[in-house]
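These notes are about the structure you will find just below.
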Amino acid sequence: MIAKKKLCVLVPAHWAALMGGSEYQVSCLVEHLVRQEHYDIYYLARRVSPDYVPQGYKIIQVADAKGIRRFGEFLDAPRLLTLLARIRPDIIYQRVGCGYTGIAAYHAARNPCQVIWHVAHEMEVQPFNRVMSKNMLFRYLDKKTLEYGIRNVGKIIVQTSQQQALLARHYNRVPVARIDNWHPIPQEKIEKPEGIEVVWVANLKAWKQPDLFLRLARDLAHLRDVRFTMIGDRAWPEERQDKFLQDVKRLENLSYLGGCTQDEVNSVLARANIFVNTSVQEGFPNTFIQAWMRQVPVVSLNVNPDNVLDERHIGYCSGTYDQLKHNVLDLIDQPGMRQRMGLEAQDYAFSTYSIKNFEKIAELLEV
5 MIAKKKLCVL VPAHWAALMG GSEYQVSCLV EHLVRQEHYD IYYLARRVSP
55 DYVPQGYKII QVADAKGIRR FGEFLDAPRL LTLLARIRPD IIYQRVGCGY
105 TGIAAYHAAR NPCQVIWHVA HEMEVQPFNR VMSKNMLFRY LDKKTLEYGI
155 RNVGKIIVQT SQQQALLARH YNRVPVARID NWHPIPQEKI EKPEGIEVVW
205 VANLKAWKQP DLFLRLARDL AHLRDVRFTM IGDRAWPEER QDKFLQDVKR
255 LENLSYLGGC TQDEVNSVLA RANIFVNTSV QEGFPNTFIQ AWMRQVPVVS
305 LNVNPDNVLD ERHIGYCSGT YDQLKHNVLD LIDQPGMRQR MGLEAQDYAF
355 STYSIKNFEK IAELLEV
């Protein structure tokens, strides 16, 4: 009997501890690989849930994020290198660019091991952002460790042509593949009740700019039969959350549901009419795909992967807050256009974001 290859999945968080877009995609990939039964799979992460019992693979906590280690994954290097030396993986699949990318590349350069890095965000393939902060030195060192990884990993996967261009411009690297994300076909019934529901979904972080959605709800409070719904776990300091919750209470037309499961998010989107994204920058938001599959056009402030919103006519990339408000009002006032965009979005999503995308990643792992 031929021994299975050892595969390490290396991500800062396990999805049971923190569910973001990258973690969701990794969860789907791991479940796909477990069904294939080609590998002994080890999931290495900082943030893990002690109550979660994995099926068909092992979870190992690299280190906690307490003390000085909270300032950067590069500080986990001694512990992570020790774990990799003990496991002796044949392949490392690393997602979410950080110090772990460089540490994995360092290990692979000294051992018979292949590293595949999967870009999750445009910021990962751009130079260091020199915004002054108390942890700027740690951010710089983590970025330098990431950049060592970018230059030395064996294979790179990107999500968009934009990421591919940034990778070439800043690091002179060419990815082995551009692979879209994946989402399952909706199982819930898609029904749009009377009235309009505008939805925002993301973990609460400063660069996601949730306050702009509150502003939108406040500016459109005069509209009857238009309600606003926010979904997202707290991912910023507690004092910021307290102020956010106070602002939410002042808005009678807005509901904040907190963190929700994927099924709960999908149920909200199945009844929603408009999806809004206010992020400064992202990779390819999973929420776009979830919305499109449920006939919901997207109005995005800045994020427009490969200009898909414009080219496919399935939403708007607004560029400014005033234009975003104008685009939302257009969709509210024109139900025919809103429905047409939603149906075109669903057709596009069904044909583009299928399970075949995970099969492409699995093929790259085999080579």
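Just so you know, we're using the numbering used here here: the sequence shown kicks off at 5 and counts up by one. From the three backbone atoms N, C-alpha and C, an ideal C-beta is built for every residue, glycine too.
Is the beta carbon of Gly24 closer than 8 Å to that of Glu404? As displayed, the chain neither begins before 5 nor continues past 371, which places residue 404 out of reach and without an answer.
Can you check DSSP and say which residues form a bridge with Ala49? Looking up residue 49 in the sequence shown gives position 45. The beta-bridge partner set that DSSP reports for Ala49 consists of Gln65.
CB Val300 to CB Ile278, shorter than 8 Å? For this step, residue 300 is matched to residue 296 along the sequence shown. For this step, residue 278 is matched to residue 274 along the sequence shown. For Val300 and Ile278, yes; Cβs fall inside 8 Å.
In angstroms, rounded to a whole number, what distance separates the CA positions of Phe132 and Tyr320? For the purposes of this step, residue 132 is taken as the residue at position 128 of the sequence shown. For the purposes of this step, residue 320 is taken as the residue at position 316 of the sequence shown. Approximately 29 Å, taken between the alpha carbons.
Could you give the DSSP three-state label for Met23: helix, strand or coil? Residue 23 sits at position 19 when you count from the first residue of the sequence shown. The answer is coil: DSSP assigns Met23 none of H, G, I, E or B.
Cβ distance (whole Å) where Val129 is taken to contact Pro16 below 8 Å: The residue labelled residue 129 in the question sits at position 125 within the sequence shown. The residue labelled residue 16 in the question sits at position 12 within the sequence shown. About 17 Å; that fails the 8 Å criterion.
Rounded to a whole number of angstroms, what is the C-alpha to C-alpha distance between Pro82 and Asp334? Taking the sequence shown and counting its residues from 1, the one referred to as residue 82 is at position 78. Taking the sequence shown and counting its residues from 1, the one referred to as residue 334 is at position 330. Those two C-alpha atoms are separated by around 55 Å.
DSSP on Val203, reduced to helix/strand/coil? In the sequence shown, residue 203 corresponds to position 199, counting from 1. If DSSP states are grouped into helix, strand and coil, Val203 belongs with the strands.
Relative to the C-alpha of Thr149, which residue among Gln338, Leu79 and Phe292 is closest? Residue numbering aside, residue 149 sits at position 145 when the sequence shown is read from its first letter. Closest by C-alpha distance to Thr149, out of Gln338, Leu79 and Phe292, is Leu79.
Within this structure, are the beta carbons of Asp146 and Gly103 separated by less than 8 Å? One-based indexing of the sequence shown puts residue 146 at position 142. One-based indexing of the sequence shown puts residue 103 at position 99. Their beta carbons are under 8 Å apart, which means Asp146 touches Gly103 by this criterion.
Whether Phe398 touches Trp204 by CB criterion (8 Å): There is no way to answer for residue 398, as the model of the chain reaches only from 5 to 371.
Quick check on this structure: which residue in Gly71, Val52 and Lys70 has the alpha carbon closest to the alpha carbon of Lys62? Numbered from 1 along the sequence shown, position 58 holds the residue referred to as residue 62. With distances taken between CA atoms, Lys62 lies nearest to Val52 out of Gly71, Val52 and Lys70.
Assign Lys193 to one of two classes, buried (16 or more other C-beta atoms within 10 Å of its C-beta) or exposed (fewer than that). The sequence position of residue 193 within the sequence shown is 189, counting from 1. With fewer than 16 other Cβ atoms within 10 Å, it is exposed.
In three-state terms, what does DSSP make of Leu287? Within the sequence shown, numbered from 1, the residue matching residue 287 stands at position 283. Checking the sequence shown, residue 287 turns out to be Gly, not Leu. DSSP places Gly287 in the coil class of the three-state scheme, outside both helix and strand.
What three-state label does DSSP hand Ile194 in the structure shown? On the sequence shown, residue 194 is found 190 positions in, with the first residue counted as 1. Residue state, collapsed to three classes: coil.
Near Ala353, which residues of its chain fall below 6 Å by C-beta distance, leaving aside the five closest residues on each side in sequence? In the sequence shown, counting from the first residue as 1, residue 353 sits at position 349. Taken in chain order, the residues that qualify are Ile293, Trp296 and Met297.
Proximity winner among Asn139, Val157 and Arg222, relative to Gly71 (alpha-carbon distances): Your numbering for residue 71 matches position 67 in the sequence shown. Selected option, being the one with the closest Cα: Asn139.
Residue ranges of each alpha helix (DSSP H) within the region 85-123, 4 or longer: Taking only runs of at least 4 residues, the alpha helix (DSSP H) segments lying wholly in the region 85-123 are 103-113.
Closer than 6 Å by C-beta to Lys9: which residues in its own chain qualify, once you throw out the five before and the five after it? Chain order, please. Residue 9 sits at position 5 when you count from the first residue of the sequence shown. Cβ-Cβ distances below 6 Å link Lys9 to Tyr43 and Asp94 in the same chain, with the five nearest sequence neighbours on each side left out; the list follows chain order.
Check this for me: beta carbons of Asn270 and Pro197, under 8 Å apart or not? Sequence index remark: in the sequence shown, residue 270 carries index 266 (1-based). Sequence index remark: in the sequence shown, residue 197 carries index 193 (1-based). No, Cβ-Cβ distance for Asn270 and Pro197 is not below 8 Å.
Could you check whether the region 218-237 touches the region 251-264, counting it as contact only if at least three pairs of C-beta atoms, one from each stretch, sit closer than 8 Å? With a cut-off of 8 Å, the region 251-264 and the region 218-237 count as touching, because enough Cβ pairs lie within range.
Helix, strand or coil for Arg238, going by three-state DSSP, please let me know. Position 234 of the sequence shown, counted from the first residue, corresponds to residue 238. In the structure shown, Arg238 sits in a strand (DSSP, three-state: E or B).
Going by CA-CA distance only, name the one from Ala172, Ile161, Lys209 and Asn281 that's closest to Phe217. By one-based count along the sequence shown, residue 217 stands at place 213. If we check each option's Cα against that of Phe217, Asn281 comes out closest.
From what residue to what residue does the beta strand (DSSP E) around Leu11 run? For the purposes of this step, residue 11 is taken as residue 7 along the sequence shown, with counting starting at 1. It spans Lys9 to Leu14 - the beta strand (DSSP E) in which Leu11 sits, taken as one unbroken run.
Which value, in whole angstroms, describes the spacing of the CA atoms of Ser283 and Leu313? Position 279 of the sequence shown holds residue 283. Position 309 of the sequence shown holds residue 313. Distance between the alpha carbons of Ser283 and Leu313: 15 Å.
Measuring alpha carbon to alpha carbon, tell me which of Ser26, Gln166, Gly323 and Glu268 ends up nearest Leu305. Within the sequence shown, the letter at position 301 stands for residue 305. Comparing Cα-Cα distances from Leu305 to each of Ser26, Gln166, Gly323 and Glu268, the minimum goes to Gly323.
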